[in-house]
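Note that UniProt numbering gives residue 126 to position 126 of the sequence shown, counting from 1, and the numbers run on in steps of one. Virtual Cβ for every residue (Gly too), placed ideally from N, Cα, C. Notes to accompany the following structure.
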Amino acid sequence: MPNDFNQQVIEEFRANNGVVGGMFEGGRLLLLTTTGARTGRRHTAPVGYLPDGERVLVIASAGGAPRHPAWFHNLRAHPRVTVEAGAFTYEADAVVLDGAERDAAWARAVESDPGWAAYQEKTARTIPVVALVPVPGPPNLGARGMGDGLKAVHDGFRHELGIIRTELAQAGPRLGAQLRVNCLTMCAGLGDHHMGEDAMLFPGVAARHPELAGTLARLGREHERVRDLVTEIQALVASEDTDPAALLPEFDRLAAELEAHLDYEEEQLVPLLNAMG
């Protein structure tokens with residue numbers, strides 16, 4: 001991709017909390033910043049990714065070009081990278097997968113998108129798969145109010161809900177391995193987000209705004225309801241016998257109730273959190 005095209009994508013990504021149109025619309029995209037292997041300068045590139053639990057996978061396809069992309073050479077020389085993923089920016093360690101682990105990840109990728117196999121057919125090199133493992137510590141939400149940060153996190157969940165719904169609708173008669181990972185990763189992230197709100201955000205708001213006791217109680221009940229729906233989704237995804245057509249209406253039910261919850265939470269808390277600083 002020409003550098004000017006990359007720069008346009010980077011600017012759109014940063015202006016819209018990770019949402020990009022055009023050829024990337026409806027896909028998973030992150031910004032990967034590496035340190036130049038020869039120059040030591042920082043370079044940022046838009047890269048597609050696959051969820052993989054607490055880490056993400058990126059594939060150094062370069063569209064099937066004969067050589068690895070520059071960012072791959074950079075991270076091999078300097079594995080510590082910066083990842084921008086929607087609302088979050090975090091440091092990560094890049095681990096190039098090999099052997100059976102690489103082959104299993106590649107097989108999942110190809111099953112979910114045959115385009116990866118088409119890239120491999122165009123080149124004699126083995127296309128690398130790289131895991132980006134977050135460095136322990138809180139992510140950076142950037143210079144924004146607490147409320148705007150919460151909204152940006154919620155928008156990330158909305159974006160992922162839309163992607164997974166499309167993947168389920170387009171799936172064949174069985175759930176692919178990567179689609180299972182996508183669903184389970186989103187469910188785990190949602191659970192972590194709500195636990196953080198229950199343990200830290202809501203008590204902090206309650207201490208400063210006791211008049212919101214009823215609102216916070218409702219939000220807590222909604223968290224319990226969402227948790228029950230997530231548990232049902234996780235059970236369906238874990239079963240080898242689940243038909244995507246049977247999972248889709250259950251996923252839609254979760255999405256509808258979750259989005260209503262997110263909307264209400266933002267209506268009640270975003271202005272207040274921004275005022276709190």
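P69 is the residue among L50, P51, D52, P69 whose C-alpha sits nearest the C-alpha of A37.
Residues of the same chain with a CB within less than 7 Å of the CB of C187, apart from the 5 flanking positions on each side, are V230, I233, Q234 in chain order. Taken through DSSP and simplified to helix, strand or coil, R125 comes out as coil.
C-alpha of A177 to C-alpha of R76: approximately 28 Å in a straight line.
DSSP places Y264 in the uninterrupted alpha helix (DSSP H) bounded by 244-276.
Of the other Cβ atoms in all chains shown, 16 or more fall within 10 Å of the Cβ of G156; this residue is therefore buried. One alpha carbon belongs to H194, the other to V130, and they sit about 29 Å apart. Residues V226 of the same chain have their beta carbon placed closer than 6 Å to that of L258, with the five preceding and five following residues left out of the count. A94 places its beta carbon 7 Å or farther from that of V83. Ranked by Cα distance from T123, the options A60, P136, R108, N74 are led by A60. The beta carbon of V133 is closer than 7 Å to those of R55, A92, D93, V95 in its chain, skipping five residues each way along the sequence. Here L150 is not bridged, per DSSP, to any residue. M146 has its alpha-carbon roughly 29 Å from the corresponding atom of T34.
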